[in-house]
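> Protein sequences, first through last, are from chains A and B.
Residue numbers for the first sequence, in the working numbering: 1 to 222.
Residue numbers for the second sequence, in the working numbering: 223 to 404.
Built from N, CA and C at the ideal position, the CB exists for glycine as well.
Quick one: structure below, then a few questions.
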Amino acid sequence: MHIPDGFISPATYLPATVIAIPLLMVAFKKTKEAINDESFAFLSSLTAFSFVVMMFNIPIPGGTSGHAIGAAILAILFGPWVAAFCLSLTLFIQAFVFGDGGLSVFAINSLAMGFVASFTAFYVHKLFKNRVNHRIVLFLAGWSGIVAASVVVAVALGIQPLLGVDAVGHPIYFPFDLSVTLPAVVGSHILFFGVVEGFATMLVLKFIEKITNQSVNKEVVV
Amino acid sequence: MQAKTYFILYIGALVAISTMKSYEPLLIVLALLALISGRSVFSIARRSFLLVALFSIFITLSYSVVLYMNNQSFWHYFLTVNLRSFDMVFLTLLFSRKVNIYEAVAFSKDLSFLLILSVSKIMTMQRAFADYTDALKSRTLKKPTRSQIYDYLGSAIAGFLDKNIRESKENFEAMKSRGFSV
């Protein structure tokens with residue numbers, strides 16, 4: 001879902017940056033408050049974890065596979081602000097250090113995959129956790145987070161033909177409008193990437209619960 | 223101080239390139255970037271191409287086909303969008319090679335420190351992940367069932383989370399013993 005540089009107009013990414021920077025500052029402050037004086041070592045560990053999660057290829061029924069982003073895992077375990085900050089930092093490192101993802105569109109990627117995915121997953125989990133089967137809730141949290149993020153990305157891409165055209169009227173940024181991006185981006189996330197994220201969330205959190213229950217004295221992550 | 227100035231210039235250049243609407247000035251920008259990059263021009267160009275190709279070629283190629291089917295000129299669009307994307311990625315890679323990124327973002331001591339810690343941890347984790355997958359391959363005699371794969375994925379990802387958090391405690395103690403107070 002990473003948008004590379006050059007496909008989003010300044011009229012989109014500059015306002016997105018104006019929104020993202022204060023949100024990131026609030027997230028950083030809340031994260032430091034939430035995780036006490038070990039915060040820097042802890043934050044860097046969670047950031048490295050969200051990077052590692054993206055390296056695992058997760059097969060889904062139907063014979064295909066993809067990677068998760070781990071937004072729901074972090075949001076459910078440590079809260080949505082911590083998750084949003086760590087994912088955003090991961091995206092920043094990917095864009096800046098590894099050249100993957102684009103710095104001009106960092107804010108849009110951060111708002112979508114960091115904030116929207118984490119908050120959606122967190123509140124879906126909170127809303128349904130005592131009402132529906134636990135495995136289904138975990139799956140739903142992961143799935144809904146990534147699908148909500150895909151809506152933001154689809155809208156950011158789909159409005160580009162309205163924001164920049166050349167002398168002959170052709171788009172000069174992302175060429176397809178909302179009638180294409182919404183079904184293509186959101187549809188693929190409903191049917192595929194959301195399922196991968198849902199599976200990853202369910203597998204990891206069930207495993208953590210299992211080992212927590214098996215040995216209460218053992219030092220585990222939660 | 224110099225790194226911060228370069229960072230501001232880099233951001234300004236990135237925004238300026240993103241506003242360009244035709245391929246001619248983008249070609250000039252590419253030539254300038256190639257000149258600045260010196261001997262590393264080919265390695266940066268190769269990496270930029272790989273990073274741009276997957277998304278950019280797929281999207282712009284499909285739209286160019288649409289234009290071609292409608293008997294409209296597609297070269298301007300194809301060249302402009304791909305060159306702009308290529309220039310921007312090239313610029314970012316050039317910047318990250320020539321300038322110390324950690325110094326560039328040192329306007330915030332916290333951010334700079336966090337970035338250094340996170341990148342070093344990511345590199346450690348990348349090595350650990352490679353070792354882990356190699357070890358798993360060498361110990362897998364027959365194709366695992368789907369449920370075994372899911373068990374493995376759940377335990378592996380949770381294991382990495384556990385490892386990260388354990389190490390963060392050790393890192394914190396090590397930092398504290400060396401006088402860091404963040």
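If you drop the 5 nearest sequence neighbours on each side, which residues of the same chain put their C-beta closer than 6 Å to that of Val303 (chain B)?
Cβ neighbours of Val303 (chain B) beyond the five flanking positions: Thr282.
> Identify the continuous alpha helix (DSSP H) that holds Gln94 (chain A) and give its terminal residues.
That run of the alpha helix (DSSP H) goes Pro80 to Phe96.
> What does Val165 (chain A) pair with, by DSSP beta-bridge criteria?
DSSP lists A:Pro171 as partners of Val165 (chain A).
> Does any residue of chain B bring its CB to less than 8 Å from the CB of Thr47 (chain A)?
Chain B, which has a Cβ nearer than 8 Å to the Cβ of Thr47 (chain A), makes this yes.
> To the nearest angstrom, how far is the alpha carbon of Leu157 (chain A) from that of Ile8 (chain A)?
Distance between the alpha carbons of Leu157 (chain A) and Ile8 (chain A): 7 Å.
> Contact criterion: CB-CB distance below 8 Å. Does Asp177 (chain A) meet it with respect to chain B?
No, no contact with chain B.
> Quick one: list the residues of chain B neighbouring Lys129 (chain A), beta-carbon separation under 7 Å, in chain order.
The premise fails here: Lys129 (chain A) is roughly 19 Å from chain B at the closest Cβ pair, so nothing lies under 7 Å.
> Using a Cβ-Cβ distance under 8 Å, would Phe280 (chain B) count as near chain A?
Judged by the 8 Å Cβ criterion, Phe280 (chain B) is not in contact with chain A.
> Scan the region 300 to 318 of chain B for residues whose Cβ lies nearer than 7 Å to a Cβ of chain A and list them as they occur along the chain.
Answer set for the region 300 to 318 of chain B: Thr302, Val303, Arg306, Ser307, Met310, Val311, Thr314, Leu315 and Ser318.
> Go through the region 128 to 156 of chain A residue by residue and report every complete run of the alpha helix (DSSP H) that reaches 4 residues or more, in order.
Taking only runs of at least 4 residues, no alpha helix (DSSP H) segment lies wholly in the region 128 to 156 of chain A.
> Which word fits Lys359 (chain B), buried or exposed, when buried means at least 16 other C-beta atoms lie within 10 angstroms of its C-beta?
With fewer than 16 Cβ atoms within 10 Å of its Cβ, Lys359 (chain B) is classed as exposed.
> Mind listing the chain B neighbours of Met55 (chain A)? Cutoff is C-beta to C-beta under 7 Å, in chain order.
The contacting residues are Phe351.
> Would you say Ala117 (chain A) lies against chain B (beta-carbon separation less than 8 Å)?
Chain B contact via Cβ: absent.
> When Cβ atoms are compared, which residues of the region 158 to 177 of chain A fall closer than 8 Å to chain B?
Correct list: Gly164, Asp166, Val168, His170, Pro171, Ile172, Tyr173, Phe174, Pro175 and Phe176.
> Between Phe312 (chain B) and Leu255 (chain B), which are expected to be in contact by the criterion C-beta below 8 Å, what is the C-beta distance as a whole number of angstroms?
About 5 Å; that satisfies the 8 Å criterion.
> Chain B beta carbons: is any one of them nearer than 8 Å to that of Lys206 (chain A)?
Yes - at least one Cβ of chain B is within 8 Å of the one on Lys206 (chain A).
> Contact defined as beta carbons within less than 8 Å: I believe Ser88 (chain A) pairs with Met310 (chain B). What is the distance between those atoms, to the nearest angstrom?
Contact flag wrong, Cβ pair sits at about 20 Å.
> At the 8 Å Cβ level, is Ala83 (chain A) part of the contact set with chain B, yes or no?
No - not a single Cβ of chain B is within 8 Å of the one on Ala83 (chain A).
> Interface residues of chain B around Phe7 (chain A) at Cβ under 8 Å?
Simply Phe277, Ser278, Ile281, Val303 and Ser307.
> For a contact meaning CB atoms closer than 8 Å, what does Glu246 (chain B) contact in chain A?
Here the premise fails: no neighbours, minimum Cβ distance about 12 Å.
> For Lys226 (chain B), which option in B:Phe329, B:Gly234 and B:Glu389 has the closest C-alpha, if you only look at C-alpha atoms?
Lys226 (chain B) has its Cα closest to that of B:Phe329, out of B:Phe329, B:Gly234 and B:Glu389.
> Take Ser240 (chain B) as the anchor and find which of A:Phe176, A:Gly187 and A:Gln160 has the nearest alpha-carbon.
Closest by alpha carbon: A:Gln160.
> Counting only the same chain and skipping the five closest in sequence on each side, list residues whose C-beta sits under 6 Å from that of Val151 (chain A).
Val186.
> Can you pull the chain A residues whose beta carbon is under 7 Å from the beta carbon of Gly376 (chain B), in chain order?
Ordered by position in chain A, the residues that pass the 7 Å Cβ test against Gly376 (chain B) are Leu203, Val204, Lys206 and Phe207.
> With distance defined between alpha-carbon atoms, name the residue in A:Ile211, A:Ile208 and A:Val204 nearest to Phe56 (chain A).
With distances taken between Cα atoms, Phe56 (chain A) lies closest to A:Val204.
> Quick check: is the beta carbon of Phe229 (chain B) nearer than 8 Å to any beta carbon in chain A?
For Phe229 (chain B), the answer is no, since every Cβ of chain A falls outside 8 Å of its Cβ.
> Let me know the alpha helix (DSSP H) ranges lying completely inside the region 318 to 402 of chain B, each 4 residues or longer, listed in chain order.
Fully enclosed alpha helix (DSSP H) runs of 4 or longer: 323 to 326, 331 to 361 and 368 to 399.
> Does the separation of the CB atoms of Met242 (chain B) and Leu249 (chain B) fall below 8 Å?
Their beta carbons are not under 8 Å apart, which means Met242 (chain B) does not touch Leu249 (chain B) by this criterion.
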